[in-house]
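In this note's numbering, the protein residues as written are 2 to 165.
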């Protein structure tokens, strides 16, 4: 990320369960849609104006779940440019990076929708990119809620099946 390499610990069982439920529901929904859904490790590269070639890009991340609806952004290694949706499932060791560094990065490069899932706290924070190209205040959900995925017309995820 921004030219720095970060090593992270293996995910917890709660992280894996949450990831599996979210990925399955989005993957199953988009079967007849034009969007693609990918799981880590899938590179998301954010080019700056000075990057002439993909190998010049210094800012790359591997989010837990990525949804891309613009096929021209995809290549064999992942996505170049802002995906439509990024989901990060955080743990105590990644919380600061996901809530601060990645938040700012995703906002800067125009990721339309950013989800931060906290399995241990059973909370989901959803950030939507506003007309001013900034994220508004998050919508906060708990395991008793259902959340509409804003990039899709009719996908609603019941968090009882995710935040378990």
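Glycine included, every Cβ here is placed at the ideal spot set by N, Cα and C.
Across the structure, residue 140 and residue 25 are spaced so that their CA atoms are roughly 22 Å apart. Here the C-alpha atom of residue 95 lies approximately 34 Å from the C-alpha atom of residue 33. By the beta-carbon neighbour count (other beta carbons within 10 angstroms, threshold 16), residue 132 is exposed. CA-to-CA, the gap between residue 148 and residue 120 works out to about 16 Å. Take residue 110, set aside five residues on each side of it, and the residues of its chain with a beta-carbon closer than 6 Å to its own are 47 and 83, in chain order. Residue 56 and residue 88 have their C-alpha atoms roughly 25 Å apart. DSSP places residue 106 inside the alpha helix (DSSP H), whose first and last residues are 104 to 110. Under the DSSP assignment, residue 60 falls outside any beta strand (DSSP E); it carries neither an H nor an E label.
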